[in-house]
Amino acid sequence: MLIGVVPFFAAFIYALGYSFGVMGVLNNGFTTRFWESVFASGEFLKSFGYSAAIALVSLVLSIGGALWVTLKFRRELDKKFLSFMMYLPLAIPGVVAGFFMIQLFSKAGFFARIAFQLGLIEKTAQFPDLVNDSLAFGIIVAFITMLIPFFTLLFLNVYKNERIEELSILAHALGANANQVTRRVFLPIILKKTGVLIALYFIFLLGAYEVPLILGQESPQMLSVLIIRETRQFDLSKISEGYVVAVMYTLVVSITVILLFLPKRKKAIYES
Amino acid sequence: MKVSWKPYILTLIVLLIGFPFIFMVLLSFSSSWRFPDILPGYFGLKNWVTILGSETGLLQSFIISVVISLSVGMVSTFSGFLISRAVFYHKRRRILTLFAYFPYVLAPVVFGACLSFFFLKIGLFGNVTGVIVAQFLVAFPYALIFFGSFWNKKIKSYEDLVATLGGTPRQTFFKVLLPLAKSMLLICFFQTFLISWFEYGLTSIIGVGKVQTLTIKVFLFIKEANYYYGALSCCLLIFPPVVLLYFNKRYVFKNLV
Amino acid sequence: MFLEVQNIVKSFNNEHVVKELDFSLDAHKTLSILGKSGCGKTTMLKIIAGLVEPDSGTISLKGENITHMRPEKRNIVYLYQEDLLFPHLNAFENISFGLRLKKIPEPQIKEKVNHIIASLELHGQATKMPTQLSGGQRQRVSFGRAIITNPSLLLLDEPFGSLDAGTRQRMQSLFKKLTQEYDITSLFVTHDLKEAVLMGDEIGYMRAGMLQVYKNKQDFINDPDTGVQEEIEYWKSLKG
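Residue numbers (my numbering), protein chains in the order written: chain G, 7 to 278; chain R, 89 to 345; chain U, 1354 to 1593.
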């Protein structure tokens, strides 16, 4: 059991110590100045808000898309070939997704070539910024590409396990129309059953690294990228500030996890 | 007809999914593809021949990746299985499971940045063992949580039954628990293998560029703007998981909800 | 006495599940125990099997104190309501499981298992996997697996609870036959009144963690708590 817990706390305490200047190269005794400067610059909040916004937009669009595909195509996706096709995107890691987005959307990429051939642009510079852009278009598209298939498969699974087909027929028999079945049976059951997992995915996206590293811009950056950039700097006080952000990020994630999983503790039943 | 648009959308979905794979393969066969051209200047086996000649070290990266991922997959699956048993029978199993979630949901790269000091101290910095240990720290909590759903009253009943039939704990483990868990052990192995196979951030921090797994290679090629080799390494990175998925797709979602 | 249980007490979370358990049983006899769900019968059986540690009291088998002995050393088999066949083994391998644990030579295993398969009326089922067997067949395999190890004491926890009425009746008479053939000593827990009367050489009634063993069947029938009187009245009233 300790294998999981000890490194986590060791890492946290190290980061905490570093952020207060009691550990690391710049070991000058306890100081709160790194915390003050992080708060003064507002960089953490900006990065946090930026990451949360990207995660939220990606998640909402992916879940919306996946729900739609599940609702409209669940019968077709039961077929062998199509069901395997839906699994294929799970084999694409973040690094590859990022690489692929560059190939598609960069100023000399696939779509830029097509735009040129169609006479829409004359120089690469005319092609819009779609990667490393301020609206994080590339990052969001990459996330959606990876998430829609995952959530579709997840929802299809819940659809079967929770016998939503039978429940829908029952609801119809009780006088509900198609729209009501979707809103009162399909959506609530699926979202309730997958709620915790969706929340977990929000946290995963919040801490995503490879995709924003490849497709992100200079500033603001997503949390993981910011933390790694700061802690790898030559400027020693920047390193401490990086650990301040790391500590805050860890706290936010930990508290979320506790809120997500602790309420169920009441249900724990001892052997009787 | 109301349903007639469905086949078009389905075809579109299939094309969208197939596109990245086809694109990567084609790109890996290409070179000197200058901007406005729709087709590359060269198309052939040149890039693939080069990796077999090991000039770029890609083959070596592939082997390192396989070794690392196999080790991480096996060690975390087996230890996760053993330890999840102790967790399940523990009175405070909810709290213990909660602890397992902390390292699991934390971004591995941030975890790695905070741990790199300790890895440096015990000499696990910049070598394969260090990367295996680091990835294990992420894959192990996954395995622990994964096996949480295996242990239940019924399994406990099996254990009790074997005890009353005269079986020692050792016999119970090898003759009953392992066979019962066989398919789950297999899935967990594939999942932890994939966690390790796809891992970039943690590997880059603990490996400091000295342990070049495939994901690290892809990144280097992106930085060098060598997209043809980049696509080639992407192919090497994608196709083993595709094969694994083909054989295991029906299990992937078994324990998530 | 063959089995002696004295002053066994067990509580979970300050709740007395078993209080002052006190009874004994002769060899080759079956004590059937009637009780509603939650009366502590399962806990009682698990304590005797060694799967649950009692807070106090002693258990002795053939004059030997086994209160703190490990379950695998007691030679007491505990059977669940579920048949719990090993899904990865066929019927033959399920039955021989206990013998293989004891590393008994192969020819002997074959002979014993084939003999018991015949007694259990399971001809032709030996190579079937558990999922290919019916509920009654599975329960018989589960019995065979227990009896073949020649246990000193067999503990049955509502063994026929999940079977339909017809199968249940056939299993009851088969069990009767087997107890005689293999000289089995057993505790048979059930919530079915008729089954309790039918299966036991002696009868006990358990309520709220207390077990009362009756001197004879007449005492059991006369006790208004057991529900026998009510049952008799009901059938009488139908008859008019």
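In this text, a Cβ means the ideal position worked out from N, Cα and C, and glycines have one as well.
Since the model is a prediction, treat every value here as computed from it, not as a measurement.
| query | result |
| --- | --- |
| G334 (chain R): first and last residue of the uninterrupted alpha helix (DSSP H) it sits in | Gly is not the amino acid found at residue 334 (chain R); the sequence shown has Tyr there. Segment Y315 to N336, the alpha helix (DSSP H) holding Y334 (chain R). |
| E1425 (chain U) beta carbon less than 7 Å from that of A319 (chain R) | no |
| Contacts of A252 (chain G) in chain R (Cβ-Cβ under 7 Å) | V198, A201 and C202 |
| Residues that V102 (chain R) contacts on chain G, provided the C-beta gap is smaller than 9 Å | F87, L88 and M91 |
| Chain R contact for F36 (chain G) (CB, 7 Å cutoff) | no |
| Beta-carbon proximity list for K272 (chain G), same chain, < 8 Å, skipping 5 on both sides | Any answer about K272 (chain G) is weak, because its pLDDT of 45 lies below 50 and its placement is not dependable; what the coordinates show is given next. Excluding positions up to five away in sequence, the list is empty. |
| Interface partners of I1429 (chain U) on chain R, CB under 9 Å | T252 |
| Limits of the unbroken beta strand (DSSP E) element including V1370 (chain U) | E1368 to L1378 |
| 4-residue-minimum alpha helix (DSSP H) runs that sit fully inside the region 89-128 of chain G, ordered along the chain | 100-111 and 116-123 |
| DSSP state of Y24 (chain G) mapped onto helix, strand, coil | helix |
| Where L110 (chain G) falls, given that 16 or more other Cβ within 10 Å makes a residue buried | buried |
| Anticipated Cβ contact below 8 Å, Y93 (chain G) with V197 (chain R), distance rounded | Going by Cβ atoms, the distance from Y93 (chain G) to V197 (chain R) rounds to 27 Å, so no, they are not a contact pair. |
| Beta bridge counterpart(s) of D1335 (chain U) as assigned by DSSP | As shown, chain U starts at 1354 and ends at 1593. That puts residue 1335 (chain U) outside it, with no answer to give. |
| R1491 (chain U) vs L1438 (chain U) beta-carbon contact at 7 Å | yes |
| Check: T151 (chain G) C-beta below 6 Å from any heavy atom of the ligand MN | The ligand MN is absent from the structure shown, which contains no ligands of any kind. |
| Element boundaries [alpha helix (DSSP H), containing V164 (chain G)] | F143 to N167 |
| Chain G within 7 Å of V226 (chain R), Cβ atoms only | no |
| Cross-strand partners of Q1359 (chain U) (DSSP beta bridge) | U:T1411 |
| 7 Å Cβ cutoff, T1538 (chain U) in contact with chain R | no |
| Range of the contiguous beta strand (DSSP E) that encloses E1555 (chain U) | E1555 to R1560 |
| Sub-7 Å separation of A231 (chain R) and T291 (chain R) beta-carbons | no |
| Contacts that P329 (chain R) makes with chain G (C-beta to C-beta distance below 7 Å) | A97 |
| Start-end ranges of the beta strand (DSSP E) lying completely within the region 1426-1466 of chain U, minimum 3 residues | 1429-1432 |
| Cut-off 7 Å between Cβ atoms - residues of its own chain near L333 (chain R), not counting five sequence neighbours on either side | none |
| For Y130 (chain R), three-class secondary structure by DSSP | strand |
| Buried/exposed call for G115 (chain G), threshold 16 Cβ in 10 Å | buried |
| Exposed unless 16 or more other CB atoms sit within 10 angstroms - verdict on D248 (chain R) | buried |
| Beta-bridge partners of E1417 (chain U), as assigned by DSSP | U:L1414 |
| Neighbour-count burial assignment, P95 (chain R), 16 or more Cβ in a 10 Å radius | exposed |
| Between the CA atoms of H178 (chain R) and S167 (chain R) - distance to the nearest angstrom | 17 Å |
| Proximity test, Cβ basis, 7 Å: S159 (chain R) and chain U | no |
| Option in G:S47, G:R80 and G:I69 with minimal Cα separation from L162 (chain G) | G:R80 |
| Given 8 Å, three or more beta-carbon pairs between the region 1564-1572 of chain U and the region 1371-1391 of chain U | yes |
| Beta-carbon proximity of S246 (chain G) to Y20 (chain G), cut-off 7 Å | no |
| Boundaries of the alpha helix (DSSP H) in which I170 (chain G) is found, first to last residue | I170 to A179 |
| Closer than 7 Å to chain C by CB, F156 (chain G) | Among the chains of the structure shown, chain C does not appear; the protein chains present are G, R and U. |
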